[in-house]
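Notes follow once the structure below has been shown.
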Amino acid sequence: DARVTQTPRHKVTEMGQEVTMRCQPILGHNTVFWYRQTMMQGLELLAYFRNRAPLDDSGMPKDRFSAEMPDATLATLKIQPSEPRDSAVYFCASGLDQGGGNTIYFGEGSWLTVV
Amino acid sequence: GEDVEQSLFLSVREGDSSVINCTYTDSSSTYLYWYKQEPGAGLQLLTYIFSNMDMKQDQRLTVLLNKKDKHLSLRIADTQTGDSAIYFCAEKDGGYQKVTFGTGTKLQVIP
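These protein sequence lines are chains A and B, in that order. Here the working numbering runs 131 ahead of the position in the first sequence, where the first position is 1. For the second sequence, position 91 (counting from the first letter as 1) is numbered 88 according to the working numbering, and the numbering increases by one without interruption.
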């Protein structure tokens, strides 16, 4: 049963520490999304990759956040240094964009708490 | 940019129909989606509709699309307590091909 895998599932860290979240997209998918979900802001798109190239990261705070795809099976989202306001659930999603439909499938999320 | 809006909360009685509404602003939307999120879980795709369709039915789910008014709705027939969740509307733009989500509607089903 193909699914998007995210690690860690839960992370508690101190302010100022680096946080790295990892995502393994569904094999064969060529688009990867990072979303952040909070009670106040809802679901925000942070970054979007197609064929490993970043297409849109306008929703991501550039000073502390970075998103990469070292290879087709791994996407990473880093926060350095982390701040309490970064506490949220971070979702990775992947899809197959063939120029038409692009149904995206979500991972279970990484629940981040920065204290 | 793209904007997708939903009402925040809906309460229905078990057995009744639920209708969750969504409006969007992107006139170049190609696909529109409904996702369901249960507590502590990720988003699960329920159904989607192509922008040149006006209706799609899938078992208890009916999606209606009014492209002129940029209005999408999800009707759940015979709503069950297991349908209690947050429902997200999303649209895929025809340019960048990115998917933008609404704020989510929390559906409460009263037994």
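We treat Cβ as the ideally placed atom computed from N, Cα and C, and that holds for glycine. As the structure is a prediction and not an experimental result, all values here were calculated from the model.
Outcome for residue i when other beta-carbon atoms lying within 10 angstroms are tallied against a minimum of 16
i, result
"Pro215 (chain A)", "exposed"
Bounding residues of the beta strand (DSSP E) (the contiguous stretch that carries residue i)
i, result
"Asp202 (chain A)", "196 to 202"
"Asp260 (chain A)", "Chain A is shown from 132 up to 246; residue 260 (chain A) falls before or after that span and cannot be answered."
"His68 (chain B)", "68 to 73"
"Thr138 (chain A)", "136 to 138"
"Ser8 (chain B)", "6 to 10"
"Leu227 (chain A)", "That residue, Leu227 (chain A), is in no beta strand (DSSP E); it is neither H nor E in DSSP."
"Arg181 (chain A)", "173 to 181"
"His141 (chain A)", "141 to 144"
"Lys103 (chain B)", "102 to 107"
"Arg167 (chain A)", "162 to 169"
Contact with chain A by residue i, beta-carbon distance below 8 Å
i, result
"Tyr21 (chain B)", "no"
"Val96 (chain B)", "yes"
"Phe6 (chain B)", "no"
Interface residues of chain B facing residue i [CB-CB closer than 8 Å]
i, result
"Tyr236 (chain A)", "Leu42"
Any C-beta of chain B under 8 Å from that of residue i
i, result
"Gly159 (chain A)", "no"
"Leu227 (chain A)", "no"
"Phe196 (chain A)", "no"
"Asp188 (chain A)", "no"
Partners in chain A for residue i, counting only beta-carbon separations shorter than 7 Å
i, result
"Tyr45 (chain B)", "Thr234"
"Ala38 (chain B)", "Glu239"
Proximal residues of chain B, C-beta to C-beta of residue i below 7 Å
i, result
"Tyr179 (chain A)", "Lys95"
Chain-ordered neighbours of residue i on chain A, where CB pairs are closer than 8 Å
i, result
"Thr100 (chain B)", "Gly173, Leu174"
Inset, instruction - Please confirm if the stretch 70 to 81 of chain B is in contact with the stretch 221 to 229 of chain A, defined as three or more CB-CB distances below 8 Å between the two stretches. - result: No, the stretch 70 to 81 of chain B does not touch the stretch 221 to 229 of chain A.
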